[in-house]
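Asks: I have a structure here, written as structure tokens, and I will follow up with some questions on it.
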Amino acid sequence: MCQFGKGKEIDMIQRSSLGELPGKICPSGAGDTIFAERLVLGKDVYIGPNMQLIGTVYLRDGVHIMGNTVFDGTDGPIYIESRTKVEPGVFIVGPATIGEDSKLRAKLNFRKSTCGNNCDLRGEIGSSMLGNNIETYASCIIHDSSCGDHCKLGAHINRTTMGHRVSAKYGDSNLLDGEMGDDINVSAGTTFYNFNGTSKKKTVVNSGSFIGGKIVAPCRIGKNVYMVAGLTIRQDIPDDTYVDPKGNFRPNVMQNDGNGHWMRIKS
Numbered sequence: 001m002c003q004f005g006k007g008k009e010i011d012m013i014q015r016s017s018l019g020e021l022p023g024k025i026c027p028s029g030a031g032d033t034i035f036a037e038r039l040v041l042g043k044d045v046y047i048g049p050n051m052q053l054i055g056t057v058y059l060r061d062g063v064h065i066m067g068n069t070v071f072d073g074t075d076g077p078i079y080i081e082s083r084t085k086v087e088p089g090v091f092i093v094g095p096a097t098i099g100e101d102s103k104l105r106a107k108l109n110f111r112k113s114t115c116g117n118n119c120d121l122r123g124e125i126g127s128s129m130l131g132n133n134i135e136t137y138a139s140c141i142i143h144d145s146s147c148g149d150h151c152k153l154g155a156h157i158n159r160t161t162m163g164h165r166v167s168a169k170y171g172d173s174n175l176l177d178g179e180m181g182d183d184i185n186v187s188a189g190t191t192f193y194n195f196n197g198t199s200k201k202k203t204v205v206n207s208g209s210f211i212g213g214k215i216v217a218p219c220r221i222g223k224n225v226y227m228v229a230g231l232t233i234r235q236d237i238p239d240d241t242y243v244d245p246k247g248n249f250r251p252n253v254m255q256n257d258g259n260g261h262w263m264r265i266k267s
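So in full-length UniProt numbering, spot 5 of the sequence shown is number 5, and the numbers just go up one at a time.
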């Protein structure tokens with residue numbers, strides 16, 4: 001195990017002057033930890049055994065890394081901000097930034113992405129930007145996408161932008177080439193079909209909607225729309241619409257209470 005106190009920087013030249021072998025210090029009973037060419041440490045940083053820190057890595061105050069983890073900062077620096085906890089098996093490729101007070105769960109694959117503060121991350125995330133207070137589940141695969149704050153994500157998400165408080169927790173959902181507003185709930189099995197045989201089209205979902213089923217792009221879902229799960233939608237849906245099990249459009253009878261729960265407001 002390795003534990004560091006006051007902030008300091010370690011690089012190849014400094015290690016050489018200390019009489020340590022470049023690229024490899026801190027042997028432990030469980031194996032060796034290999035340090036980066038440039039490693040910047042804050043105060044009270046803990047680094048466990050069998051770590052590989054490659055390239056440029058910044059570990060801010062109070063970062064706790066349990067070991068058996070790879071940080072590859074060859075293509076760009078990796079920043080782990082204060083008080084973040086890293087579980088075993090995490091793989092990070094830079095450039096990447098993890099915000100303060102976050103938790104990186106076991107076997108997370110995080111490549112060339114950023115997340116804000118107080119995030120709890122699992123699954124696979126690549127070339128994406130996540131806001132604050134994000135929770136991702138082990139089923140999630142997120143690429144080339146972005147989201148605002150307070151989102152819960154477990155779906156397969158690709159080339160999609162999401163606002164704040166989006167819930168897409170189910171691993172059997174596929175959100176491809178989408179543009180989503182705030183306060184949206186995605187039910188299980190939802191799929192954005194983005195390819196018509198010649199070109200890829202976008203699905204737009206406006207704020208305050210509950211969506212489900214199969215949505216064939218190009219398609220625009222209005223604000224405050226409630227779709228019954230299992231439908232196939234091939235046309236735009238106006239604002240404040242309730243789509244019944246037969247696919248008929250009616251005035252919306254459902255309302256989001258702001259906490260992700262939907263209530264019937266009129267018959």
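Yeah, the Cβ is synthetic: ideal placement off N, Cα and C, and Gly gets one too.
To the nearest angstrom, how far is it from the Cα of R111 to the Cα of C140?
Replies: 14 Å
Asks: So, at 8 Å on beta carbons, what are the nonlocal neighbours of K223 in its own chain, with the 5 sequence-adjacent residues on each side left out?
Replies: G181, N206, S207, G208, S209, D239 and D240
Asks: Looking at the strands, I want to know which residues DSSP matches up with H156.
Replies: The partner list for H156 (beta bridge, DSSP) reads I141 and N174.
Asks: Is the beta carbon of N194 sitting closer than 8 Å to the one on A229?
Replies: no
Asks: How far does the beta strand (DSSP E) with D72 in it reach, from first residue to last?
Replies: V70 to I80
Asks: S128 bridges to which residues according to DSSP?
Replies: In the DSSP output, where bridge partners are listed per residue, S128 has none listed.
Asks: What does a CB cutoff of less than 7 Å around G29 pick up in its chain, not counting 5 residues either side in sequence?
Replies: With a pLDDT of 41 at G29, under the threshold of 50, the modelled position of this residue cannot be trusted; read the value that follows with caution. Excluding residues within five positions, none has a Cβ falling inside 7 Å.
Asks: Please report the residue range of the beta strand (DSSP E) in which I221 lies.
Replies: C219 to I221
Asks: Quick one: is R60 buried, meaning 16 or more other Cβ sit within 10 Å of its Cβ, or exposed?
Replies: R60 should be labelled buried.
Asks: With distance defined between alpha-carbon atoms, name the residue in V243, I221 and V225 nearest to L231.
Replies: Taking the Cα of L231 as reference, the smallest distance to any Cα among V243, I221 and V225 is reached at V243.
Asks: When you compare only the Cα positions, how much space is there between G247 and G42?
Replies: 57 Å
Asks: Taking the straight line between their C-alpha atoms, what separation do you get for G67 and K85?
Replies: 11 Å
Asks: Does the Cβ-Cβ distance between D177 and T160 come in under 8 Å?
Replies: yes
Asks: Let me check understanding here. Comparing Cα to Cα, which of V63, E100 and E124 lies closest to G131?
Replies: E100
Asks: Determine the DSSP secondary structure at R38, reduced to helix, strand or coil.
Replies: Of the three classes helix, strand and coil, the one that applies to R38 here is strand, per DSSP.
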